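Scroll down for the structure; my scribbles are underneath it.
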Amino acid sequence: MSSDQDHLKETDTEARFEFKKEEKSAFEAEKGLTEETIRVISEDKDEPEWMLERRLRALEQYHEMPMPDDWPGAPDISEVDVDEIVPYIRPDIETRGGVDDWNDLPEEIQDTFDKLGIPEAEKNALSGVGAQYESEIVYQNMQERWEEKGVIFCDMDKAVQEHEEIVEEYFMTKAVPPSDNKFAALHGAIWSGGSFVYVPEDTTVDMPVQAYFRMNSDGMGQFEHTLIIAEEGSEVHYIEGCSAPKYSEFNLHSGGVEVFVKEGAHVQYSTVQNWSKNTYNLNTKRAIAEADATMEWVSGSMGSKATMLYPSTILKGPGATDNHITIAMAGEGQDIDTGAKVYHNAPDTKSTIESKSIAKDGGRTNYRGLVHMANGAEGASTSVECDALMFDNDSTSDTMPYMEIQENEVDVAHEATVGKIGDEDVFYLQSRGLDDDDAKQMIVAGFIEPITEELPIEYAVELNRLIELEMEGSLG
Amino acid sequence: MSTQVHANLTEAQVTEISEQLDEPEWLLETRLDALAALDELDMPDVITTPGPRHWTNLVDLDYESLVDPLEWEQEKDRVEAEGADVLAWDEALAEHGDLIEEQFGSVVDPQRDFLTALSTALFSAGTLVYVPEGVAAEDVKIRTTQNSRSLFNYTLVVVEESASATILERQSIGADVEGDQYYSGVVEVVAGENANVQYGALQNLGEDTYNFQVKRGHAADHASVDWIEGNIGSRLTKSSVETRLLGEGSESQIVGAFFGHDDQHFDINSRVWHEHEHTTADLVTRGVLDDEARSVYEGVQDVGTDAWDTSSYQRENTLMLSDDSEADASPKLIINNHDTEASHSATVGQVDAEELFYMTSRGVDEERAKNMLVEGFFVPVLEEVAVDELREDMDELIVERLTE
Chain A
1 MSSDQDHLKE TDTEARFEFK KEEKSAFEAE KGLTEETIRV ISEDKDEPEW MLERRLRALE
61 QYHEMPMPDD WPGAPDISEV DVDEIVPYIR PDIETRGGVD DWNDLPEEIQ DTFDKLGIPE
121 AEKNALSGVG AQYESEIVYQ NMQERWEEKG VIFCDMDKAV QEHEEIVEEY FMTKAVPPSD
181 NKFAALHGAI WSGGSFVYVP EDTTVDMPVQ AYFRMNSDGM GQFEHTLIIA EEGSEVHYIE
241 GCSAPKYSEF NLHSGGVEVF VKEGAHVQYS TVQNWSKNTY NLNTKRAIAE ADATMEWVSG
301 SMGSKATMLY PSTILKGPGA TDNHITIAMA GEGQDIDTGA KVYHNAPDTK STIESKSIAK
361 DGGRTNYRGL VHMANGAEGA STSVECDALM FDNDSTSDTM PYMEIQENEV DVAHEATVGK
421 IGDEDVFYLQ SRGLDDDDAK QMIVAGFIEP ITEELPIEYA VELNRLIELE MEGSLG
Chain B
1 MSTQVHANLT EAQVTEISEQ LDEPEWLLET RLDALAALDE LDMPDVITTP GPRHWTNLVD
61 LDYESLVDPL EWEQEKDRVE AEGADVLAWD EALAEHGDLI EEQFGSVVDP QRDFLTALST
121 ALFSAGTLVY VPEGVAAEDV KIRTTQNSRS LFNYTLVVVE ESASATILER QSIGADVEGD
181 QYYSGVVEVV AGENANVQYG ALQNLGEDTY NFQVKRGHAA DHASVDWIEG NIGSRLTKSS
241 VETRLLGEGS ESQIVGAFFG HDDQHFDINS RVWHEHEHTT ADLVTRGVLD DEARSVYEGV
301 QDVGTDAWDT SSYQRENTLM LSDDSEADAS PKLIINNHDT EASHSATVGQ VDAEELFYMT
361 SRGVDEERAK NMLVEGFFVP VLEEVAVDEL REDMDELIVE RLTE
């Protein structure tokens, strides 16, 4: 381990995540969702006509679609009332579309990201960083050597302007159409900000690019859109981090992520999310993997009041691979409903899903997964492993995997276990001089190690620190 | 809600069935209430997968043409064990009227859903198995042969404290029934303190039969309720096998095997509720699908808040022999007590190519090698069947199907 990560160890994570800035915005949309609001957003962003049309069509679909409230054991999201949230806030900065030097940011925004340790991380370990504050990207930078190779990493609004043709082709047309679900439609109508990543053929971006999203205002919604296109034989690792401090009203996060992994390409999408505990996190994330491509999802779901998130991959070409690694932790008042969906639509496709969850203090974790093997996916194989760890009797942990198998030449295996924290393990550690809290923290760290191993080191450290914080709260 | 059967049914018909069986007033009332409730009741839940896709279509079945309440014919063999009563419904009511009044509908709600209520209103083939305290009743047999278009069967099993019962039920079709049929079976098992009940059922109904079954047991302190559920016949089966572990240290094992071919459809549920301390459950199901057969399987292990020190296990394996067959599986864990060790697993696969190659390289022809592997696939489930006769019958039916 190098000193690259020192800033993460030294920073007090609680202070990093729980502070809040006075709101100061240049434009704030009216609460609620109307055609007028959407026209304002689109005009404000100087969007081409087709994008406005897509937004309006998505709005129509949003009004037509039912809430996803008929699922067995789904979180209660009845409180989510779009009429009560502010869908769009542009922070008060001069530079539209972000600046490329942290020092050019207004002081309080700079301060915010400093506390989160983002500038340090950029200097030390990343190929590029984008930072979104409320609805807009405020900082965007990409190392020159990648730009020279034709790699594009910019915010989504800018991509609409500067890379219109690509965006028009891929934006909510193939992977996440607005008709997918009510919140995808909502997202399609009022999306703002997010990242655009384009990696040309046979180009390997060997350091991760990172985007950081932060919700700072009360009662707002955040709807960033991320579009990643990895052309044939290319490789990229994208990291997304999210956090929002705690407010009295509820927040809504309804992002959209679309990933296109072309033939032989390799994309890893990693995220550690630590939304405040009044945030409803209702996201749609989907990747389409062509022949021999590899898609990897690594995610940690830490915060939020309720999360409904099932990153999904369509294995479209023969030999495509998908790996999911997820960890969820739910404490008091939290309902984390998450899992993975994989569609094996071509022969010899492979997937693995590894999911770990921890429930404590009345929290609820649920693994909800779907593995679909289409007729014609001969030679496909999947392995799903879910493990849940429970701390106390106020918590619940459910596993609801679904397997739809239409092809006989396949290999499908699902395995799940639920267990309590081992009394013997705790006793053993205590007898070696550790106190109860430390012993339990150690056991949890061991439990999630297979996941943290897959994360870039600074994220693994952050994840561990977040879990420690959660545990201190409960056991202290 | 579909009211097509209801339109075809009258209180007079229900009353006639009840009179034929010389039933007491309360039971007639229960039947009439169930009949009246049909308007309000929904079809039983079927398994859905995200989409949401409903795999089993019960709503569009033409019950009106399937159900003929007064025209029922069956052959029934009942083999009694010493010290226990295995009685036809009219005899049972005469001899154990109070017991039936006390227990009827205590395990399976007579109005649990449309098809159960239909069964409550119309059942004419009924059996009581009563095992008094301390008695061990081995080899109780109930064989039902359906000889009419529709047949509504009901079985109540009451096994008292420290008693045990091994019951083997077979359902098959008589040779002379033509056209589509409907078979409905409800089984209630009440296991008293420290009682052991093993209820094995082997369904080999005709392949024009729509088959609806609910089997549910209550286990008191230290009691065990074990189920064996073999599904070979029928065109469409909707079957639920359930145990509520209500007593401290109670246990349940649910062993299932199914073998579908042609265009058979199986919708199979296994469910266990852990509701008390130190309870144990083990759910094992294996199924084979050939041709265009389809299975949807859902297993649920539900661990309640008070179920301290629970152990709960589930395995479901499906073997697919043809590319037109489809299998959906959803083994669910619902855990509300942290002092739990629970696991579930499910696999879907084909006959192992290497094993097949090994056998053919040893001179076994391919067809035979495949059959041997399919037989072998069922072995772990058959091993769990303690009743020799049931195991042998099941094995025989599997071999029969393989060599068809």
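As they're listed, the protein sequences go chains A and B. The opening residue of the first sequence carries number 1 in full-length UniProt numbering; numbering runs sequentially from there. The opening residue of the second sequence carries number 1 in full-length UniProt numbering; numbering runs sequentially from there. All C-beta atoms in this analysis are idealised placements derived from N, C-alpha and C, irrespective of residue type, glycine included. The model shown is predicted, which means the values in this text are computed figures rather than measured ones.
For a contact meaning CB atoms closer than 7 Å, what does residue 419(B) contact in chain A?
The shown model of chain B, from 1 to 404, leaves out residue 419(B), and the question about it has no answer.
In this structure, how does DSSP classify Thr116(B) when only helix, strand and coil are distinguished?
The residue you call residue 116(B) lines up with position 116 of the second sequence. Reduced to three states, the DSSP call for Thr116(B) is helix.
Measure the C-alpha to C-alpha separation of Ala265(A) and Gln273(A) and round it to an integer number of angstroms.
Stepping through the first sequence from its first residue, residue 265(A) is reached at position 265. Stepping through the first sequence from its first residue, residue 273(A) is reached at position 273. Using only the alpha carbons, I get a separation of about 26 Å.
For Leu9(B) and Pro69(B), I'd like the C-alpha separation in whole angstroms.
Start at 1 with the first residue of the second sequence, and residue 9(B) comes out as number 9. Start at 1 with the first residue of the second sequence, and residue 69(B) comes out as number 69. Near 8 Å, if we compare the C-alpha coordinates of Pro69(B) and Leu9(B).
Which partner residues does Gly300(A) have in the DSSP bridge list?
What you label residue 300(A) is simply residue 300 of the first sequence in a count that begins at 1. Answer by DSSP bridge pairing, in chain order: Val272(A) and Ile327(A).
Compare the C-alpha of Phe378(B) against each of Ile334(B), Asn336(B), Gly349(B) and Asn317(B) and name the closest.
Indexing the second sequence from 1 puts residue 378(B) at position 378. Comparing Cα-Cα distances from Phe378(B) to each of Ile334(B), Asn336(B), Gly349(B) and Asn317(B), the minimum goes to Asn317(B).
For Trp72(B), which residues in the same chain have their Cβ closer than 6 Å to its Cβ, ignoring the five residues on either side in sequence?
The sequence position of residue 72(B) within the second sequence is 72, counting from 1. These residues qualify, in order along the chain: Ser124, Ser148 and Leu151.
The stretch 403-432 of chain A: which residues have C-beta closer than 9 Å to a C-beta of chain B, in chain order?
Met403, Glu404, Ile405, Gln406, Glu407, Asn408, Glu409, Val410, Asp411, Val412, Ala413, His414, Glu415, Ala416, Thr417, Val418, Gly419, Lys420 and Ile421
Measure from the alpha carbon of Leu58(B) to the alpha carbon of each residue in Thr120(B), Asp267(B), Val129(B) and Leu38(B), then state which is nearest.
Within the second sequence, residue 58(B) is the residue found at index 58, counting from 1. Among Thr120(B), Asp267(B), Val129(B) and Leu38(B), the Cα nearest to that of Leu58(B) is on Asp267(B).
Per DSSP, which one or two residues make a beta bridge with Gly200(B)?
Sequence index remark: in the second sequence, residue 200(B) carries index 200 (1-based). DSSP output for Gly200(B) lists Leu168(B) and Ile228(B) as bridge partner(s).
Could you check where the alpha helix (DSSP H) with Ala12(B) kicks off and where it finishes?
In the second sequence, residue 12(B) corresponds to position 12, counting from 1. For Ala12(B), the enclosing alpha helix (DSSP H) covers residues Glu11 to Gln20.
Run down chain B in chain order and give the residues with a C-beta less than 8 Å from the C-beta of Asp398(A).
Along the first sequence, one-based indexing puts residue 398(A) at 398. Those are Lys332, Leu333, Ile334 and Ile335, listed as they occur along chain B.
Determine which residues of the stretch 283-310 of chain B have a Cβ less than 7 Å from any Cβ of chain A, and write them out in chain order.
Thr305
Would residue 479(A) and Thr279(A) qualify as a contact pair, given that the criterion is a beta-carbon distance under 8 Å?
In the structure displayed, chain A extends from 1 to 476; residue 479(A) sits before or after that span and is not available.
Please work out which residues of its chain come closer than 8 Å, Cβ to Cβ, to Val14(B), disregarding the five sequence neighbours upstream and downstream, and give them in chain order.
What you label residue 14(B) is simply residue 14 of the second sequence in a count that begins at 1. Leu28, Arg31, Leu32, Leu35, Pro69, Ala121 and Leu122, listed in sequence order.
With a threshold of 8 Å between beta carbons, is Asn393(A) in contact with chain B?
Locating residue 393(A) in the first sequence gives position 393, where the first residue counts as 1. It does: the Cβ of Asn393(A) has a partner Cβ on chain B nearer than 8 Å.
Step through the CB atoms of chain A and report whether any lies within less than 8 Å of the CB of Thr56(B).
Along the second sequence, read from residue 1 onward, the residue named residue 56(B) stands at position 56. Chain A, which has no Cβ nearer than 8 Å to the Cβ of Thr56(B), makes this no.
Determine whether the beta carbon atoms of Gly446(A) and Glu341(B) lie at a separation below 8 Å.
Numbered from its first residue, the first sequence carries residue 446(A) at position 446. Numbered from its first residue, the second sequence carries residue 341(B) at position 341. Not in contact: Gly446(A) and Glu341(B) (Cβ atoms no closer than 8 Å).
Buried or exposed, going by whether 16 or more other CB atoms sit within 10 Å of the CB of Arg368(B)?
Position 368 of the second sequence holds residue 368(B). With fewer than 16 other Cβ atoms within 10 Å, it is exposed.
Kindly provide the ranges of any beta strand (DSSP E) runs that are 3 or more residues long and lie completely inside the stretch 333-370 of chain B, ordered along the chain.
340-349
Under 6 Å Cβ to Cβ from Thr338(A), same chain only, skipping five residues before and after it: list those, please.
In the first sequence, residue 338(A) corresponds to position 338, counting from 1. Counting only Cβ-Cβ distances below 6 Å, and skipping sequence neighbours, we find Ser301, Thr307, Leu309 and Ala328.
Check whether chain B comes within 8 Å of Met51(A), counting only Cβ atoms and requiring the distance to be less than that.
On the first sequence, residue 51(A) is found 51 positions in, with the first residue counted as 1. Closer than 8 Å: no.
For His344(B), decide whether its Cβ has a neighbour in chain A, counting only Cβ atoms nearer than 8 Å.
As a working note, residue 344(B) is residue 344 in the second sequence. With 8 Å as the cut-off, His344(B) counts as an interface residue toward chain A.
Going along the stretch 314-337 of chain A in order, which residues come within less than 7 Å of chain B, judged by CB to CB distance?
none
Applying a beta-carbon distance threshold of less than 8 Å, which residues of chain A neighbour Ser322(B)?
Reading the second sequence from its first residue, position 322 is the one you call residue 322(B). Neighbours of Ser322(B) on chain A, chain order: Asn408.
Could you check if Ala353(B) is buried or exposed, using at least 16 other CB atoms within 10 Å of its CB as the buried criterion?
For the purposes of this step, residue 353(B) is taken as the residue at position 353 of the second sequence. Label assigned to Ala353(B): exposed.
Flag this pair as yes or no: are the beta carbons of Ile334(B) and Val303(B) separated by less than 8 Å?
Taking the second sequence and counting its residues from 1, the one referred to as residue 334(B) is at position 334. Taking the second sequence and counting its residues from 1, the one referred to as residue 303(B) is at position 303. The answer is yes: Cβ separation under 8 Å.
Suppose contacts are defined by Cβ-Cβ distances below 8 Å. Is residue 422(B) in contact with Val284(B) by that definition?
The question about residue 422(B) has no answer, for chain B in this structure spans 1 to 404.
Just list the beta strand (DSSP E) runs in the stretch 58-92 of chain B, keeping only unbroken ones of 3 residues or longer that don't cross its boundaries, in chain order.
Residue ranges of uninterrupted beta strand (DSSP E) with 3 or more members, entirely inside the stretch 58-92 of chain B and ordered along the chain, are 74-79 and 85-88.
Step through the CB atoms of chain B and report whether any lies within less than 8 Å of the CB of Asn181(A).
For the purposes of this step, residue 181(A) is taken as residue 181 along the first sequence, with counting starting at 1. Chain B, which has no Cβ nearer than 8 Å to the Cβ of Asn181(A), makes this no.
Quick one, which residues of the stretch 345-363 of chain B are near chain A if we go by CB-CB under 8 Å, in chain order?
Ser345, Ala346, Thr347, Val348, Gly349 and Gln350
Just mark Leu390(B) as buried or exposed, buried being the case when its beta carbon has 16 or more other beta carbons within 10 Å.
In the second sequence, the residue the question calls residue 390(B) occupies position 390. Classification for Leu390(B): buried.
Chain A partners of Glu326(B), CB-CB under 7 Å?
Locating residue 326(B) in the second sequence gives position 326, where the first residue counts as 1. Those are Ile405 and Gln406, listed as they occur along chain A.
Quick check: is the beta carbon of Pro401(A) nearer than 8 Å to any beta carbon in chain B?
As a position in the first sequence, residue 401(A) is number 401, starting the count at 1. Yes, contact with chain B.
Check this for me: beta carbons of Asp361(A) and Glu332(A), under 8 Å apart or not?
To locate residue 361(A), count along the first sequence from 1; it is residue 361. To locate residue 332(A), count along the first sequence from 1; it is residue 332. A contact, by the Cβ cut-off of 8 Å.
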